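To start, the structure under review is shown below, and the notes come after it.
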Amino acid sequence: MNKYLKRYGIDAMSAMAQGLFCTLLVGTILNTLGQQFGISFLTSPVCTVAGKAYTIGGIACAMVGPAMAVAIGYALKAPAMALFSLVPVGYMTNVLGGAGGPFAVYVVAVLAAEAGSLVSGKTKIDILVTPAVTLLVGSLLAWLIAAPIGEGAAWVGRLIMWATELHPLLMGIIVSVVVGMALTLPISSAAICAGLGLTGLAGGAALAGCCAQMVGFAVLSFKDNKWGGVVSQGLGTSMLQMGNIIRKPLVWLPAIITSALTGPVATCIFRLQMNGAAVNSGMGTCGLCGPIGVWTGWVEPSEAALAHGASALAPSVLDWIGLALVSIVLPAVICGLIGWVFRKKGWIKPGDLKLQ
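In terms of my numbering, the sequence shown is residues 1 to 356.
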């Protein structure tokens, strides 16, 4: 059971997040930088497909389905002929899955990759059989289940966003803590947020939780890891602490408490909304993608955000202060203070947070 949980729940989902990052997220960032700083080669179309012009970032965003599918196949060690056949499967599934496309791609790509792996090397015409089986199984599954999976994921996302608007204090705490913990666990908070289409206030709460974990651990473990730990955790991932958390779960508590505090600050005080690409909601300060996503949402809301009533705005000084406080300042101060108390009590000892 542990083998399959790791294979499908950790390896495949983490790879899916990497596919998302390398296409949708990077493409969105490039588009935003081009528009805001007037960089002509980032705003000029590089190709036209079916009458639609695409920039570098635009074409990257359009390839998110194939990238996710191939990344999943790669994580599952699918044979080459099956791996390459996942390109059209991913594209088709993402289109049919609509707003919940990432989760649909996850399910279909896993099953299609396994089907291709099952027949690979079993016949003398492997060059035909493996890609044909992968493509046919993936296409059939996409046609049958992509739309229902996508709609189901989108419905859950809408429910979370509706509940957060209705109860910003309670849901701010819940979303912040849950998504923040998902970021530190060996699963993908980015993939979860993208699959649910988590934007708006709920996206802001998710961002707060992720930043609380990343910045919180960076500060909490400074005595053990110095500046290298600040960079690797604050701009990389708090997942690096999982080994220490497994050995001593108590060391996770300061970051969790911090996320429970910063979540409602984001939703109730600053009304911080993530209206950029939903994947940014689960990125935290990884490459500063979370704050960049908020900025992107201010100037050019994503399609998912627009569908839920978002609109472009000129951010005020208070908006910028709120973003800085929620993303960096409060996680650093709060988690640092809680960590100081934990050390005084002897609950955290030197070396407990040392990165190997």
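Quick reminder that beta carbons are idealized off the backbone N, C-alpha and C, glycines included. Given the structure is predicted, the values throughout are model-derived calculations rather than measurements.
Item, Value
"Exposure of Trp298, with buried meaning 16 or more beta-carbon neighbours within 10 Å", "buried"
"Alpha carbon of Thr164 to alpha carbon of Glu151, nearest angstrom", "20 Å"
"Inter-residue spacing [alpha-carbon to alpha-carbon] between Thr199 and Ser281", "7 Å"
"Proximity to Ile125 [Cα-Cα], best of Val156, Tyr91 and Met81", "Met81"
"Test item: CB-CB of Gly357 and Ser259 under 8 Å", "This structure gives no information on residue 357, because the portion of the chain shown stretches from 1 to 356."
"Same chain only: Cβ atoms within 8 Å of Tyr54, ignoring 5 sequence neighbours per side", "Pro45, Val46, Cys47, Thr48 and Ala62"
"Through-space distance from Pro168 to Ser316, alpha-carbon basis", "21 Å"
"For Ala361, the three-state DSSP class (helix, strand or coil)", "Coverage of the chain is limited to positions 1 through 356, which leaves residue 361 absent and any answer about it impossible."
"Burial state of Ile160 (16 or more Cβ within 10 Å)", "buried"
"Three CB pairs or more closer than 8 Å across the stretch 86-94 and the stretch 130-138", "yes"
"Nearest candidate by alpha-carbon position, reference Leu359, set Ser327, Ala206, His308 and Ala278", "Only positions 1 to 356 of the chain appear in this structure, which leaves residue 359 out of reach."
"One or two residues paired with Tyr54 in a DSSP bridge", "Cys47"
"Where Met283 falls: helix, strand or coil (DSSP)", "coil"
"Ala314 vs Pro301 beta-carbon contact at 8 Å", "no"
"Ala154 versus Asn94 - alpha carbon distance", "13 Å"
"Own chain partners of Ala182 with C-beta closer than 8 Å, once the 5 adjacent residues on each side are dropped", "Ser188, Ser189, Ile192 and Gly282"
"DSSP-derived helix/strand/coil call for Arg271", "coil"
"Start-to-end residues for the alpha helix (DSSP H) that takes in Val95", "Ala80 to Gly97"
"Closest Cα partner of Asn244 within the set Thr184, Gly284 and Leu272", "Thr184"
"C-beta atoms of Val231 and Leu353 nearer than 8 Å", "no"
"Beta bridge counterpart(s) of Gly200 as assigned by DSSP", "Met274"
"The stretch 97-106 in contact with the stretch 142-150 per 3-pair CB rule at 8 Å", "yes"
"Length of the line joining the Cα atoms of Trp227 and Gly276", "30 Å"
"Proximity to Ala132 [Cα-Cα], best of Trp143, Leu144 and Ala113", "Ala113"
"Extent of the continuous alpha helix (DSSP H) to which Glu114 belongs", "Gly101 to Val119"
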